[in-house]
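Here is the structure we will look at.
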Amino acid sequence: MTHYGKVLVATALFALTACQSATQSDSTAAVSHDPETDQCGASQYQNTIGQPLTSLDNKRFDVPVRAIPWNGAVTMDFNLRRLNFMADQSGKISKVYCG
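Here the sequence shown stands for residues -21 to -1, 1 to 78, numbered as in mature numbering (1 follows the signal peptide of the UniProt record, and there is no 0).
Structural data, given as structure tokens:
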């Protein structure tokens, strides 16, 4: 393998490692119990993960809520008091977070 080939392989490994680390830290941030970052109360709704997104239809919430279907378009504004339920391809809740 040439010197350039080794550099290319090393660069690819570093890039993949960085992506994996970012993904892992993002998923743990969603379950935060810190009052500053859990202003919407997302930690109370982690038990809804795996349920159909439609299970939220008849529930009432004390904060603004956004039910996000798979590949759904949402605004990029950040509101720590808004509760977000994100669904996967099968329509089941895959993530609950404030924002």
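Positions of the beta carbon are idealized from the N, C-alpha and C atoms, including for glycine. As the structure is a computational prediction, the values presented were derived from the model and not from experiment.
Asked                                                                               : Found
Assigned secondary structure, Ser22 (DSSP; H/G/I helix, E/B strand, else coil)      : helix
Contact check, Gln23 vs Arg60, beta carbons under 8 Å                               : no
Status (buried if at least 16 other CB within 10 Å, exposed otherwise) for Asn63    : buried
DSSP state of Cys77 mapped onto helix, strand, coil                                 : strand
Candidates Gly20, Phe40, Asp67, Met55, of which the one nearest Gln30 by Cα         : Asp67
Burial state of Ala52, where buried means 16 or more other Cβ atoms lie within 10 Å : exposed
Where the beta strand (DSSP E) containing Arg45 begins and where it ends            : 44 to 47
Three-state class that DSSP yields for Leu32 in the structure shown                 : helix
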